[in-house]
Amino acid sequence: MLLSFEKVTSYYGKTPILKDMTFGLPKGQCLCVLGRNGVGKTTLMRTIMGLTDWSSGEIRIEDQDISKAPTYERAKHGLGYIPQGRQILGNFTVKENILLGTFARSDGDSQVPELCLRLFPYLAENLNKRAGLLSGGQQQQLAIARALATNPQVLLLDEPTEGIQPNIVFEIGETLHMLNKELGITLILTEQHIKVARRLGDAFIMMDNGRIVARGSMDEMTDEVVNKHMTI
Ligand SMILES: Nc1ncnc2c1ncn2[C@@H]1O[C@H](COP(=O)(O)OP(=O)(O)OP(=O)(O)O)[C@@H](O)[C@H]1O
Numbered sequence: 001m002l003l004s005f006e007k008v009t010s011y012y013g014k015t016p017i018l019k020d021m022t023f024g025l026p027k028g029q030c031l032c033v034l035g036r037n038g039v040g041k042t043t044l045m046r047t048i049m050g051l052t053d054w055s056s057g058e059i060r061i062e063d064q065d066i067s068k069a070p071t072y073e074r075a076k077h078g079l080g081y082i083p084q085g086r087q088i089l090g091n092f093t094v095k096e097n098i099l100l101g102t103f104a105r106s107d108g109d110s111q112v113p114e115l116c117l118r119l120f121p122y123l124a125e126n127l128n129k130r131a132g133l134l135s136g137g138q139q140q141q142l143a144i145a146r147a148l149a150t151n152p153q154v155l156l157l158d159e160p161t162e163g164i165q166p167n168i169v170f171e172i173g174e175t176l177h178m179l180n181k182e183l184g185i186t187l188i189l190t191e192q193h194i195k196v197a198r199r200l201g202d203a204f205i206m207m208d209n210g211r212i213v214a215r216g217s218m219d220e221m222t223d224e225v226v227n228k229h230m231t232i
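For the sequence shown, position 35 (counting from the first letter as 1) is numbered 35 according to full-length UniProt numbering, and the numbering increases by one without interruption.
In structure tokens:
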């Protein structure tokens with residue numbers, strides 16, 4: 001397994017939010033993490049990155065135990081994180097936002113990667129534009145470009161299509177599909193759009209109240225499973 005969780009419980013203060021989670025993610029797979037609002041999907045991402053208050057259990061990447069490693073060290077193991085809401089720095093330029101990602105590289109390269117320019121022609125043509133002036137979809141592209149600048153082997157994407165116009169949702173989905181299937185970047189994403197999840201995912205985890213309540217390959221994610229765990 002490229003990334004694995006063994007009995008991981010993760011806390012904010014004294015409150016366990018993720019409870020006793022065990023799963024493994026093979027290299028090159030796309031795993032979709034699904035569930036209603038507030039079930040702990042963001043907390044799962046933050047636990048992988050070491051951003052909750054503390055966690056117990058074991059988190060491994062390529063057989064190395066990173067459970068107690070600080071966030072910057074996890075990033076150097078090849079974990080790239082795109083948080084919910086994107087967290088683009090609006091007063092900085094497109095180029096500066098991308099270059100921020102290079103700080104987490106282990107090879108010291110500090111250029112805008114050619115891949116980012118090739119994937120996102122709009123960004124390539126607007127490197128000196130203030131990022132705050134971009135549309136939601138363009139900012140999501142920028143967040144993906146910034147994460148790619150870390151040269152990740154795993155990308156964690158928290159609701160990448162949230163708040164984005166429907167036609168751009170499709171485009172972002174296709175970009176992620178390309179990163180996964182053509183470039184072999186392993187993906188973990190939380191996603192409310194079931195269609196996008198079905199298109200991208202090889203496997204799914206359905207969460208409720210901090211626990212995994214259903215899992216399987218994507219073709220095992222029937223409408224029944226979705227309706228049971230995702231509709232209100
Ligand atoms: N920083 C925090 N401190 C304390 N509790 C938190 C913190 N962040 C989240 N929680 C709690 O953890 C639980 C899970 O939240 P989380 O954001 O992980 O869920 P989610 O499934 O990602 O939901 P959403 O789809 O709304 O983002 C919620 O009950 C939330 O109130």
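By construction, the Cβ of each residue, glycine as well, lies at the ideal position given by its N, Cα and C atoms. The structure displayed is predicted, hence computed values, not measured ones.
Taken atom to atom, the span from the alpha-carbon of Tyr122 to that of Thr175 is near 14 Å.
Annotated as proximal: Arg36 and Met230, with beta-carbon spacing under 9 Å. The beta carbon of Tyr12 sits closer than 8 Å to at least one heavy atom of ligand 1. The beta carbon of Lys129 is closer than 8 Å to those of Thr93 and Val94 in its chain, skipping five residues each way along the sequence. Secondary structure note for Met207: its beta strand (DSSP E) is the uninterrupted segment Ala203 to Asp208. Glu191 has its Cβ no nearer than 8 Å to any heavy atom of ligand 1.
If you draw a straight line from the Cα of Leu51 to the Cα of Pro166, it is about 31 Å long. Asp158 carries a strand assignment under DSSP once its states are collapsed to helix, strand and coil. Straight-line measurement puts the Cα of Met1 at about 14 Å from the Cα of Ile188.
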